[in-house]
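Take this note's numbering: the final residue in the sequence shown is number 395, and no numbers are missing along the way.
Just so it is clear, CB atoms sit at the ideal spot from N, CA and C, and this is done for glycine as well.
Here the structure is a predicted model, which is why all the values come from computation and not from measurement.
So the structure is just underneath, and the comments pick up after that.
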Amino acid sequence: AAAALTGVLVAQMLGAQPYLVNAVAGEAVLTHHYLIYAGLGAVAAGLGIVLMRAVAEMETLTRRLPIPAAWRPVLGGILLMPLAWLTPQVLSAGHGALHLDLEYGLPLSFLAAIFVMKSAASIVSLGFGFRGGLFFASLFLGSLLGHIYADLIGLMMGAPVVDPQNAALVGMAAFAVAVVGGPMTMAMLVLEATHDFSLAGAAIAASLVTTTIVRETFGYSFSTWRLHLRGETIKSARDVGWMRTLTAGRMMRRVERATPAAWTIAEFRRAFPLGATSRVVLVDGQDHYAGIVQTARAYVDGLDPAEPVATLAIQRDHALAPDADVRAVMRALDAAGADEMAVVGPDRTVLGLLSEPYVRRRYAEEMDKAQRALFGED
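So, in structure tokens, the structure goes:
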């Protein structure tokens with residue numbers, strides 16, 4: 018909040034004109050309109066996911082083209098030329114076009130054509146290496162979607178059901194939430210534009226439906242989706258903080274000297290009497306990780322003392338990387354059904370040992386600390 022306030026004050030001191038969506042709310046929002054706008058939120062979620070996946074597919078396709086990366090934007094510009102010839106709205110960030118489409122009652126066919134062409138232009142631009150994102154494009158597309166949604170419902174019912182301008186503003190918020198995130202931010206944008214609390218409430222309802230569907234079925238916003246495609250595990254702001262710094266390498270108990278897997282059970286018993294330790298990490302002749310032996314298993318009756326202790330090893334094929342974050346560690350422990358797992362380096366050398374109870378305790382402690390910091394209790 019302090020950063021946002023400072024930014025506004027500095028911009029005003031420098032004479033910069035802020036970008037504002039100024040609009041007047043249409044008809045009053047009634048109770049049953051909330052259900053209709055919730056449906057708009059669901060539609061916005063589906064189309065937002067389609068748009069984000071389409072950008073990723075286009076990026077994958079362009080990488081396969083037999084042309085240098087520097088020439089991809091040139092090819093993308095050539096593909097945009099016919100769209101720009103049809104309407105310049107596809108090239109803009111949507112500021113002027115957004116005001117135009119909100120103020121004038123444009124026909125349904127025109128709105129649908131602009132929506133399709135603007136989506137295609139955004140997909141081509143980002144897929145072929147143009148800079149930028151989908152923030153303003155999502156606002157523009159959302160306003161078009163809301164207008165189209167209201168017109169289609171009116172056609173099906175034989176009479177207008179919701180005000181198209183109200184639906185355009187709610188659609189603007191919902192579609193932006195699907196692509197960018199921040200449901201409360203987008204709802205406040207509608208409130209700032211209209212000064213209408215009932216319409217802002219409808220925007221909140223639609224945005225919550227949108228964010229729930231996107232979170233449960235897709236799991237990413239556009240920015241975190243692109244990071245995911247590059248191999249990152251970031252899904253939200255929380256992943257940038259303590260979750261990514263609380264790694265297996267930081268939590269593990271170091272293993273100074275591992276036990277050779279070639280030892281016999283008799284040698285193992287002499288080195289590790291019952292009660293000395295609960296688990297022992299084994300390594301092969303090249304000092305590579307070879308599994309974990311539970312000390313009690315080496316003292317089970319009926320074992321041949323001359324057998325290699327490696328025959329008792331568990332978790333041979335399961336180990337943790339030192340840079341795995343706490344959530345990845347817990348998923349790995351659950352998948353392996355293990356109480357403890359070894360932490361190994363890239364060359365399979367043993368670095369340490371990590372137990373599930375300790376990981377979950379550290380996770381709970383850090384989560385509690387983060388929650389206290391969030392609410393100002395520290």
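Exercise. What's the C-alpha gap between V187 and P85?
Worked result: Rounded to whole angstroms, the gap between the alpha carbons of V187 and P85 is 42 Å.
For this session: Decide if A438 is buried, meaning its Cβ has at least 16 other Cβ atoms within 10 Å, or exposed.
Result: The structure shown does not extend to residue 438, since the chain is modelled only from 18 to 395, so the question has no answer here.
Problem set entry | Separation of G198 from T228, as counted between CA atoms | 7 Å
Exercise. Leaving out the 5 sequence neighbours to the left and right, which residues in its chain are closer than 6 Å to A167 when beta-carbon positions are compared?
Worked result: V179, P181, A184
Exercise. Is it the case that the Cβ atoms of I131 and L161 are separated by a distance below 9 Å?
Worked result: yes
For this session: Out of L26, L68, V46, Q106, point me to the one whose CA is closest to V231's CA.
Result: L68
Exercise. Among all the DSSP beta bridges, which residues are the ones paired with G369?
Worked result: Answer by DSSP bridge pairing, in chain order: R271, V360.
Exercise. With 16 as the cutoff for other CB atoms within 10 Å, does S224 come out buried or exposed?
Worked result: buried
For this session: Determine the closest residue to R80 out of G146, L320, A191, with distance taken between C-alpha atoms.
Result: For R80, the nearest C-alpha among the options comes from G146.
For this session: Compare the C-alpha of V310 against each of A275, A220, I170 and name the closest.
Result: A275
Problem set entry | Cβ pair count under 8 Å reaching 3, the stretch 356 to 372 against the stretch 336 to 346 | yes
For this session: Indicate whether the contact test is met: 3 or more Cβ pairs, each with one atom in the stretch 363 to 383 and one in the stretch 296 to 309, closer than 8 Å.
Result: yes
For this session: Compute every distance between the C-beta of A222 and the non-hydrogen atoms of the ligand GTP, then say whether any falls below 8 Å.
Result: With respect to the ligand GTP, the structure shown offers nothing to examine, as it has no ligands at all.
For this session: May I ask you to list the residues that DSSP assigns as paired with I95?
Result: According to DSSP, I95 bridges with nothing at all.
For this session: For I170, collect the residues of the same chain with a Cβ closer than 6 Å to its Cβ; drop the 5 residues on either side in sequence, then sort them by chain order.
Result: V178
For this session: Return the CA-CA distance between I53 and A219, expressed in angstroms with no decimal places.
Result: 9 Å
For this session: Give me whichever residues DSSP pairs with I66 in a beta bridge.
Result: Bridge partners of I66: none, in fact.
Problem set entry | Cβ shell of A195 (< 6 Å), same chain only, five flanking positions each side left out | A61, A62, G65, T227, V231
For this session: If I'm right that S136 touches L100 with Cβ under 8 Å, what's the distance once you round it to whole angstroms?
Result: S136 to L100, Cβ: 10 Å. No contact.
For this session: Can you grab the Cα-Cα spacing for the pair A293 / K386, in whole Å?
Result: For A293 and K386, the gap between their C-alpha atoms comes out near 35 Å.
Exercise. Using the rule of at least 16 other Cβ atoms within 10 Å of the residue's Cβ for burial, across every protein chain shown, is L103 buried or exposed?
Worked result: exposed
Exercise. Which value, in whole angstroms, describes the spacing of the CA atoms of L125 and A21?
Worked result: 38 Å
Exercise. Between A204 and I221, which are expected to be in contact by the criterion C-beta below 8 Å, what is the C-beta distance as a whole number of angstroms?
Worked result: 4 Å
For this session: Work out the CA separation of E383 and L291 for me, nearest whole Å.
Result: 35 Å
For this session: Could you check if H50 is buried or exposed, using at least 16 other CB atoms within 10 Å of its CB as the buried criterion?
Result: buried
Exercise. If you run the structure through DSSP and keep just helix, strand and coil, what is T281?
Worked result: strand
For this session: Report the residue from Q106, R148, E44 whose alpha carbon sits nearest the alpha carbon of A129.
Result: Ranked by Cα distance from A129, the first of Q106, R148, E44 is Q106.
For this session: Tell me whether L47 is buried or exposed, calling it buried when 16 or more other Cβ atoms sit within 10 Å of its Cβ.
Result: exposed
Exercise. Relative to the C-alpha of V272, which residue among F285, E284, L299, R287 is closest?
Worked result: Put simply, of F285, E284, L299, R287 the residue whose alpha carbon is nearest the alpha carbon of V272 is L299.
Exercise. Among residues of its own chain, excluding the 5 on either side of A397, which ones have a beta-carbon nearer than 8 Å to its beta-carbon?
Worked result: Lying before the first or after the last residue shown, residue 397 is absent from the chain, which here runs from 18 to 395.
Exercise. Where V27 and T202 are concerned, what is the direct C-alpha to C-alpha distance, given to the nearest angstrom?
Worked result: 21 Å
Problem set entry | Reduced DSSP secondary structure (H/G/I, E/B, other) of Q106 | helix
Exercise. Hey, out of V133, A352, G266, whose CA is closest to A71's CA?
Worked result: Here the closest residue by C-alpha is V133.
For this session: Quickly, what does DSSP pair T276 with across the bridge? List them, please.
Result: Answer by DSSP bridge pairing, in chain order: L299.
Exercise. Short check: CB of A327 to CB of A283, under 9 Å?
Worked result: no
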